[in-house]
Amino acid sequence: MKNNLIIGIPAESRMIKGIYRNNVNSPEVSAVVDYGGIPLLIPTRNPDLMDNYLSIIDGLLIPGGADVAPRFYGEEPIPELGDTDALIDESEINLVRGAVNSKIPMFGICRGIQVINIALGGNIYQDLAAQSPTPVLQHYQRAVLDQGTHHVTVDSDSKLATILETTKILVNSHHHEAVKEIAESLKVTATSSDGVIEGIESVDDDLVMAVQWHPETMYKSDAKMARLFKDFMDRVRKYQ
Ligand code: MN
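The number in our numbering is simply the position in the sequence shown, starting from 1, with 72 added.
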């Protein structure tokens, strides 16, 4: 058993000051480092190369980011859809499918929960406010992201409840898309009071755990959020 667990994190391509840069947010990197992993930046301009990264990583963290191009779940874009980048979408979808095949544990955060669901056959709302059949809470919070703003009820039968040691928590929220129809191999583990899906996990194994909120900006002051990263690294070790 090796001690150095390599955690792949796909990078966004962002134009900053005239140069395209591979962008990964610091809080996810810090959380991986704090729980004993070695973060590996995965460039996302060549979706066909994802097998190369899957062959060296022990775990896959799919982080927050832009919207997902709706063609990846069989829809045309509605006016409320935000920025998309098909190359990161396709790269991450390839990574998720490859991770399932190679039994590489995953942790999905915000956009990550959506990408994992899409990659495994589910779909998402392009814009909650425009498409939810019933009124929704403020899911794109105006508060800073290290503070929770809405509550989530956790299914007591889920692994998520075991990790969090509670069935009701305050979470932050920085999304306008959300899981709609869930993939067959996954189950819903958490919802907000408006019925929006805020957590999913694998039905038959421990490969997928994903949340719609951002534990990486809360874990330093909230032990429940920290346990999500500890669980991720425990799962990575288990499947090594
Ligand atoms: Mn939310």
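Backbone N, C-alpha and C fix where the C-beta goes; we use that ideal spot for every residue, glycine too.
Any heavy atom of ligand 1 closer than 7 Å to the CB of residue i?
i, result
"residue 268", "yes"
Quick check on DSSP: helix, strand or coil for residue i?
i, result
"residue 274", "strand"
"residue 107", "coil"
"residue 102", "helix"
"residue 255", "coil"
"residue 160", "helix"
"residue 244", "coil"
"residue 280", "strand"
"residue 188", "helix"
"residue 234", "helix"
"residue 165", "helix"
"residue 307", "helix"
"residue 288", "helix"
"residue 86", "strand"
Going by other Cβ atoms of all chains shown within 10 Å of its Cβ, with 16 needed for buried, is residue i buried or exposed?
i, result
"residue 186", "buried"
"residue 238", "exposed"
"residue 290", "buried"
"residue 276", "exposed"
"residue 100", "buried"
"residue 164", "buried"
"residue 223", "exposed"
"residue 82", "buried"
"residue 189", "buried"
"residue 267", "exposed"
"residue 205", "exposed"
"residue 288", "buried"
"residue 283", "buried"
Give the straight-line distance between the Cα atoms of residue i and residue j, rounded to the nearest whole angstrom.
i, j, result
"residue 90", "residue 84", "15 Å"
"residue 78", "residue 120", "21 Å"
"residue 154", "residue 138", "7 Å"
"residue 110", "residue 303", "16 Å"
"residue 125", "residue 145", "24 Å"
"residue 270", "residue 260", "8 Å"
"residue 249", "residue 198", "5 Å"
"residue 314", "residue 104", "In this structure the chain extends from 73 to 312, so residue 314 is not present and cannot be described."
"residue 208", "residue 87", "33 Å"
"residue 95", "residue 274", "28 Å"
"residue 305", "residue 203", "36 Å"
"residue 129", "residue 122", "11 Å"
"residue 294", "residue 93", "32 Å"
"residue 194", "residue 257", "10 Å"
"residue 143", "residue 149", "8 Å"
"residue 15", "residue 140", "Outside the shown range of the chain, which is 73 to 312, sits residue 15, and nothing can be said about it."
"residue 296", "residue 177", "20 Å"
"residue 312", "residue 152", "42 Å"
What residues sit near ligand 1, counting only those whose C-beta is closer than 5 Å to one of its heavy atoms, in chain order?
211, 245
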